Amino acid sequence: MGLLRKIRTTGRVAEPAPPRPEAEQPLAAGELRGSVQVRCVDAGSCNGCEIEIAAAFNPLYDAERYGARLVASPRHADVALVTGPVTRNMAEPLRRTVAAMGEPKLVVAVGDCAIDCGEFAGGYGVEGAVADVLPVDLAVPGCPPEPDQIVAALRRVTGR
Amino acid sequence: MSVIPAALAAAAVLAGAGALAGIVLPYRLRIPAVGVLTAGVGVGGGTAGVAALGGSGWAGTFPGVLPLAGAAAAVDALAGLFIAVAGAVVAAVAVYGIGYAAGHGPHGLGSRTAQAVLPPFALTLVLVPVAASVSTFLALWELMALGSLLLVLAEHRERASVRQAGVWYAVMTHLGLVLLLAGLALFAAGAGGETFTALRAGAHTVPPAVRGLVFVLVALAFTSKAGALPLHAWLPRAHPEAPSPVSALMSAAMVNLGIYGLVRTGLDLLGGGPAWWWLGLIAVGGTSAVYGILQAAMASDLKRLLAYSTSENMGLVLIGVGASGLFAAYGDRPLAALALCAALLHVVNHSAFKALLFCAAGSVLRSTGLRDLDRLGGLRSRMPVTAAFFAVAALGAVALPPGNGFISEWLLLQSLIHGLAVPGVAVAVVLPLSVALIALSAGIAAAAFVKALGVGFFARPRSDRAASAEEAPILMLAGMGLLGAACAALALVPGLLGGSLDRAVGATGLPGGGAVSGGGLEVRLTGISAALSPVWVVAALTVALMAAVGLPRLYGRRRRRVNARLWDCGGGAPTPRMAYTATSFAEPLQRVFDDVLAPEQDLDVTPVRESAYLVERVRFQRRVSDRIEHRLYEPVLRALNTAGQSARRLAGGSVHRYLGYGFAGLVFLLLALAVGW
Amino acid sequence: MTGGLFTQLLDLACGAFLLAAVVVLWRRELAAIVRYFALQGVALAALAVLLGSHEARWDLVGVGLGIGVLRAGVLPYLMRRALSALSADGVHSEEVRETQPLVNVAASLLTAALLTLLAYAVARPLTELDPTPATRALPVGLAVVLIGFFVLVTRRRALAQVVGFLLLDNGITATAFLATSGVPLIVELGVSFDVLLAVLVLQILTARMRVAFGTTDIDDLRELHD
Amino acid sequence: MSAAVGYAAVAGQVVVVGAGAPLLTGWMRQVRARLEGRAGAGVLQPWRDTRKLLRKEPVTPVGTGPAFRAAPALLVATTVVAAALVPLLSTDTPVSSHADLIVVVSLIALGTLALALAGLDTGTAFGGMGASREMTVAALVEPTILLSVFALSIPAGTTNIPAIVTGAVHEPARLTSPAGLLATAALAVAVLAETGRIPVDNPSTHLELTMIHEAMVLEYAGPDLALVELGSQLRLTLLLGLLSSLFVPWGIATSASWAGLAVALVLFAAKLVLLGAVLAAAEVFWAKVRLFRVPELLAGSFLLAVLAVASSYFLSGAS
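Protein sequence lines, in the order shown, are assigned to chains A, B, C and D.
Numbering follows our numbering, in which position 108 of the first sequence is assigned residue number 1050; successive positions increment by one, without gaps.
Numbering follows our numbering, in which position 495 of the second sequence is assigned residue number 502; successive positions increment by one, without gaps.
Numbering follows our numbering, in which position 55 of the third sequence is assigned residue number 1091; successive positions increment by one, without gaps.
Numbering follows our numbering, in which position 70 of the fourth sequence is assigned residue number 301; successive positions increment by one, without gaps.
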């Protein structure tokens, strides 16, 4: 039983929870009360932010302990986690994804590219930042942002 | 004059009038007149049947009707059950048929021949159980087969497949007749009389080997009529190709008569038999059930699916009959009565839901011209009533509460589970296997009917014809309404049938004492501590459903329900081509049962001319053919073909030679007679 | 030991014995197969010891313990050694799994169900001669014989075949114990010795096969025909 | 008096299963999280999810029909009726005469059927795919379940669950016999398949192509989704409860007394907590098997059920 021994010796790897972020909760998040289902949309990112989002949900950062969970369908989701500059091909799918979510819903732009197109500003295939396509409720700056920051943003949404 | 002969006589007169009306009247008047008269036949039969179930009996002889022996008729409760079922189905389907044939034009079912044959066919369905002598039975049986054959062929101008199905049906039904004739003649010779009374009295004088042979011959014929393996091949061809009301009559009334014949000869006339008869019957039933429903789950032709499901349900009934005989052979008569009761109840239930299913499939076919599930879809918004009726009947067919099929399967399972008290290795081995087979067939039936309902009626239309479907006319809906009401009544208050079932079981000589009782609302088995109250289940489900809908509303903030596009992964809107079809739905099951079904598949990749690596076209074809038919029938057909080829040499074309054959034959026969004497 | 407890324990041992055979049929990894075979050896030994202590026949207990050592200890050890030799070179990682049995696993499990019922039907008359708790469990031994034979017929890997053969032997031993409370000590010793020898021979054969053909798929032995 | 206790027991069963189902799921997720080295969202998280979903906006995808709308409520309703029937707390209830094992199993199957129809009703590729797979698995589970029912009803002589449970309480030897153990194992596999747990289905997968249950419910949102999730949590709780009632029946009140009911309640919670922890831990160790290996697993469980039936008559059974 190698796995059993591994579990015993590893123990808990989740880091102690940092204090709850000071910043206030976005308005729409008030009704969620500690439960947030997250749908990720890659609108044209270089995948750097995706790696960090994945890291935010790993055992070390464990975003799930604050009530956030990744889901497979936007119908189940409250939050769209959008990364990357919005490319022309992804603008419409992004709008549709957010339209598929039921109220209350929030859009969180993750990474510099999602906020102001970053490196890709002015590129021929870039439609614009996420805010140009959809109203953004929360932004997480960084290229890529640290998992800590992503977790902190999610905590502002869940309120835990 | 008692009710039974009067009602039967009325049915016969109405049938005669109907046949006449079918021939004489012009197209416009023909269909309503024949429909009403056929419905009258059904009502007459139903009245007689109900009267017989109520406990009255009747017997009579008609010396002049048939040559030599004359015709004998008798009605007891067992016959009454089948008469009543046939009558009810005929009445409802006749009403439906008026609407069905009216829109069809003077071809097909509306044609002079078909309309003239329909009432007599309906009459034979009612009259076969009335027969009380071998010759009467065979005559009526053959008339029924001929009537159904003509009706199956009604649309022969429209599709070549109808003609092919007709040939199959004609050959197989006559093969059945030959077997039946041989078996019953042997029996009559051994028992020293051809009336059923004489057979019953003389059965014990027949040597065991002959009895066994009689049973095997008769059982082959009757199981073939019931659509059970191995002589089932006509059923999945003839039932889909017949006009839908005829399919309904065949699937819901005619196949039952196979069961009737089996119960009548096996349990009543032969008076039961050794265990191997019944083990064989259970084996036939079990394989038919699983194989039939497996083919149904694979079928993408809606009516073929329903036809194979008939095979399945008759298989279940055969398991019940077989178990009954087995228990009786080991001396546990109350349990035998219970198993038979379950089988008969399943016959009734199956008739109700299968007639409704075929009628609903018929209105889909009439409105869209399609039977192919892969091209149907979205009918629930275009044909809401038909879809609702199909759903009600499908609930019965999947054997889940609160459907009517559940009650009889529950009863059947109870009789098998409690059969362990019966000693004997065979029982101990066979019972668990039958339970497993029943369970497997029930599980696959659920998949098959989810497919039929979900793919055929739900989602979005997959073709223009399905998109432009229209609801069926009022008479068709009325016919379906009658059947739907029957399904609901059987599902909710099966106990009402309790007394009748007991009397029907009692007619075979088994103690039918109160296997099902409980004041009409409950099924309570005496001797076995098990009870089922369908009304209670429905009430509890309703209360729970209301709670499940209501409680969240109390808590939730009343947001308005909004409409949204289907989630398309952000791409373009999903087209009907992306939806799962019946074929794709069945694919996992088909892969699981690969070894049983042996599908043939065929992949054909055509590269473009310039390069072998660029593909221009890929053609993929997969067919699940009836493997048993393949393996069993083809060698026989091939052998027949070869024999036919070699026989051609005898036929040189000279008329004198043919006459010579006849003459030689006659002389030979006379010589043989002379020497033999 | 009271009668009730004895019956209970005997039934449990028989159940475990049969279950181990079934699991051998179910699993694909040869290592797991060997493990469950060892478990079956334990169940068999328990069976013998139970019978022996119930009838106060100490030689039977001794035989039982001997069987335990041989079938739960020595034989699995030998097979594990053969297995580690197979997987040591790492090239033939396919070698440690029964990837493609001749009859697929689901079908073999259903066949096993039928075989068990057959065993029951066949053993019923024997049971009725003298219905004691031990003879009533007779079908278990018979079922294991049939399942062992089935493994022998349908498995490709040489090692799986060895296990099939040993299942067959376990079944015969169990049947003997249950039917007649044990064969004479000397016969049992002789048989066990034979089995041991057979396994050693097969082990050598397996190793030779792998050297010669690079695989232990015994279908490849057909090449010897040419 | 005794009738009052009986009604209280039925109400208690429904309430305990209803309120406890999200907690059980939360508990299992928590156990799993701890084994994976994570902190976990807390036992109450499924309740928070449900609370939030109920207040979200209900969404009807265009092109779906009544089957899609009705399925979640039907799923919950069938499970609730089954929860009222199964003797989780007491065998002596006003409904115990209706508590037939076959009826309970069929009610659960009815819920599966409703959800499969809803999946087909959406007309999306994923919905149909989920429905097709779910029905395949459901069809193959059925023989195992009914044969286990058969094996369990042999010693009791009836398929009435309270009677089976009472019999087992009075005669514990029935449970430790090979028949009892084999039937337990067979039914346990069937429960895993029916509730869509690893190794048959992965309830937390995000990859549509590997989904069975989740694929059918991709279109549900808000309160409908809350009902669907509650339905599957209820079903897990109910089936684990059924398993514990059948095979660890001790503590279930067999007569109508308030004290017995209280003890039964505590023990029932304890059994479920234990069973849930075991299942969650097992899921850490197992991997989901390929869809076309599932029949193998189910054939195995079917074999166990056959052996259970067979051994019940060739071992201690009716000679």
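Backbone N, C-alpha and C fix where the C-beta goes; we use that ideal spot for every residue, glycine too.
Fair warning: this is a prediction, and the values are worked out from it, not measured in the lab.
Cβ separation of B:VAL10 and B:ALA58, assumed to be a contact under 8 Å, to the nearest whole Å: As a first step, residue 10 of chain B is located in the second sequence; it is residue number 3 there, counting from the start. As a first step, residue 58 of chain B is located in the second sequence; it is residue number 51 there, counting from the start. B:VAL10 to B:ALA58, Cβ: 4 Å. Contact.
C:TYR1072 at chain D interface by Cβ criterion, 7 Å: The residue you call residue 1072 of chain C lines up with position 36 of the third sequence. It does not; no Cβ of chain D falls within 7 Å.
Beta carbon proximity, C:TRP1062 to chain D, threshold 7 Å: Numbered from its first residue, the third sequence carries residue 1062 of chain C at position 26. Cβ-Cβ to chain D under 7 Å: yes for C:TRP1062.
Whole-angstrom C-beta distance between B:VAL262 and B:LYS310, which should lie under 8 Å: Working through the second sequence from its first residue, we reach residue 310 of chain B at position 303. Working through the second sequence from its first residue, we reach residue 262 of chain B at position 255. About 15 Å separates the two Cβ atoms, so there is no contact after all.
In DSSP terms, what B:PHE627 is bridged to: Taking the first residue of the second sequence as 1, we reach residue 627 of chain B at position 620. In DSSP, B:PHE627 forms a bridge with B:LEU610.
Rounded separation between B:PHE334 and B:GLY426 - CA only: Sequence index remark: in the second sequence, residue 334 of chain B carries index 327 (1-based). Sequence index remark: in the second sequence, residue 426 of chain B carries index 419 (1-based). C-alpha separation (whole angstroms): 8 Å.
3 or more residues per run - each beta strand (DSSP E) lying fully within the segment 1028-1088 of chain A: 1048-1052, 1068-1070, 1080-1082
Short CB-CB distance (under 7 Å) between D:VAL509 and chain A: As a first step, residue 509 of chain D must be located in the fourth sequence, where it is residue number 278. With 7 Å as the cut-off, D:VAL509 does not count as an interface residue toward chain A.
Element boundaries [alpha helix (DSSP H), containing C:TRP1094]: On the third sequence, position 58 is the one that residue 1094 of chain C refers to. It spans 1094-1103 - the alpha helix (DSSP H) in which C:TRP1094 sits, taken as one unbroken run.
7 Å Cβ cutoff, B:GLY577 in contact with chain A: To locate residue 577 of chain B, count along the second sequence from 1; it is residue 570. Judged by the 7 Å Cβ criterion, B:GLY577 is in contact with chain A.
Burial state of B:ALA669 (16 or more Cβ within 10 Å): Residue 669 of chain B sits at position 662 when you count from the first residue of the second sequence. Going by the sequence as given, residue 669 of chain B is Gly instead of Ala. Classification of B:GLY669: exposed, given that the 10 Å Cβ count is below 16.
Separation of B:TYR315 from D:THR309, as counted between CA atoms: Taking the first residue of the fourth sequence as 1, we reach residue 309 of chain D at position 78. Taking the first residue of the second sequence as 1, we reach residue 315 of chain B at position 308. Their backbone Cα atoms lie some 29 Å apart in a straight line.
Close Cβ partners of C:LEU1066 (< 6 Å) along its chain, the five nearest in sequence each way excluded: As a position in the third sequence, residue 1066 of chain C is number 30, starting the count at 1. Same-chain partners within the cutoff: LEU1119, VAL1132, LEU1195.
Any chain B beta carbon closer than 7 Å to D:SER384: Mapped onto the fourth sequence, residue 384 of chain D falls at position 153. Chain B, which has a Cβ nearer than 7 Å to the Cβ of D:SER384, makes this yes.
Beta-carbon spacing of B:ALA80, B:VAL137 below 7 Å: Taking the second sequence and counting its residues from 1, the one referred to as residue 80 of chain B is at position 73. Taking the second sequence and counting its residues from 1, the one referred to as residue 137 of chain B is at position 130. Taking 7 Å as the Cβ cut-off, B:ALA80 and B:VAL137 qualify as a contacting pair.
Bridge-paired residues (DSSP) for B:PRO595: If you number the second sequence from 1, residue 595 of chain B lands on position 588. In DSSP, B:PRO595 forms no bridge with anything.
As assigned by DSSP and simplified to three states, the class of B:SER1: The first residue shown for chain B is 8 and the last is 684, placing residue 1 of chain B beyond what the model contains.
Beta-carbon gap between B:GLY104 and B:ALA235 smaller than 7 Å: For the purposes of this step, residue 104 of chain B is taken as residue 97 along the second sequence, with counting starting at 1. For the purposes of this step, residue 235 of chain B is taken as residue 228 along the second sequence, with counting starting at 1. Taking a C-beta distance under 7 Å as the contact criterion, B:GLY104 and B:ALA235 do not qualify as a contact pair.
Straight-line Cα distance separating B:LEU186 from D:LEU461: As a position in the fourth sequence, residue 461 of chain D is number 230, starting the count at 1. As a position in the second sequence, residue 186 of chain B is number 179, starting the count at 1. Their backbone Cα atoms lie some 58 Å apart in a straight line.
Chain B contact for D:SER547 (CB, 7 Å cutoff): Sequence index remark: in the fourth sequence, residue 547 of chain D carries index 316 (1-based). With a pLDDT of 47 at D:SER547, under the threshold of 50, the predicted position of this residue should be treated as unreliable, though the coordinate-derived value follows. Closer than 7 Å: no.
CB contact check: B:VAL432 to chain C, cutoff 7 Å: Within the second sequence, the letter at position 425 stands for residue 432 of chain B. Yes, B:VAL432 counts as interfacial toward chain C.
8 Å Cβ shell around B:VAL603 - same chain, five flanking residues per side excluded: In the second sequence, counting from the first residue as 1, residue 603 of chain B sits at position 596. Here the set comprises TYR298, LEU301, ARG634.
Per-residue DSSP class, three states only, for B:GLY42: Your numbering for residue 42 of chain B matches position 35 in the second sequence. Shown here, B:GLY42 sits in a helix according to DSSP, grouped into three states.
Cβ-Cβ distance between D:THR485 and D:THR355 below 7 Å: Translated into the one-based positions of the fourth sequence, residue 485 of chain D becomes position 254. Translated into the one-based positions of the fourth sequence, residue 355 of chain D becomes position 124. Their beta carbons are not under 7 Å apart, which means D:THR485 does not touch D:THR355 by this criterion.
Supposed close pair B:ALA1, B:ILE326 - CB separation, criterion 8 Å: With chain B covering 8 to 684 only, the question about residue 1 of chain B has no answer from this structure.
Coil, strand or helix - B:VAL115 by DSSP: Taking the second sequence and counting its residues from 1, the one referred to as residue 115 of chain B is at position 108. For clarity, residue 115 of chain B is Gly in the given sequence; the question names Val instead. If DSSP states are grouped into helix, strand and coil, B:GLY115 belongs with the helices.
Residue from D:ILE443, D:ASP455, D:VAL368, D:PHE381 whose Cα sits closest to the Cα of D:ALA421: Residue 421 of chain D sits at position 190 when you count from the first residue of the fourth sequence. Among D:ILE443, D:ASP455, D:VAL368, D:PHE381, the Cα nearest to that of D:ALA421 belongs to D:VAL368.
Enclosing alpha helix (DSSP H) for D:LEU505 [first to last residue]: Along the fourth sequence, read from residue 1 onward, the residue named residue 505 of chain D stands at position 274. Run containing D:LEU505: 489-516, per the alpha helix (DSSP H) assignment.
Secondary structure of B:TRP712, DSSP reduced to three states: Since the first and last residues shown for chain B are 8 and 684, residue 712 of chain B lies out of range.
Minimum length 4: unbroken alpha helix (DSSP H) runs contained in the segment 426-502 of chain B: 432-463, 471-474, 481-499
Unbroken alpha helix (DSSP H) run spanning B:LEU21, endpoints: Translated into positions along the second sequence, residue 21 of chain B becomes position 14. Looking at the DSSP string, the run of the alpha helix (DSSP H) that includes B:LEU21 is 10-31.
Three-state class that DSSP yields for D:ALA382 in the structure shown: The residue given as residue 382 of chain D occupies position 151 in the fourth sequence. The three-state reading of DSSP puts D:ALA382 in helix, counting H, G and I together.
Identity of the residues DSSP links to D:ARG286 by a beta bridge: Within the fourth sequence, the letter at position 55 stands for residue 286 of chain D. Partner(s): none; D:ARG286 has no beta bridge.
Residue burial classification, A:ASN989 (beta-carbon count within 10 angstroms, cutoff 16): Here residue 989 of chain A refers to the residue found at position 47 when the first sequence is read from its first residue. A:ASN989 comes out exposed.
Positions along the segment 592-625 of chain B whose CB lies within less than 8 Å of some CB in chain D: PHE592, ALA593, GLU594, PRO595, LEU596, ARG598, VAL599
Expected contact under 8 Å - CB spacing of C:ALA1215 and C:VAL1176 to nearest Å: Looking up residue 1215 of chain C in the third sequence gives position 179. Looking up residue 1176 of chain C in the third sequence gives position 140. Contact flag wrong, Cβ pair sits at about 11 Å.
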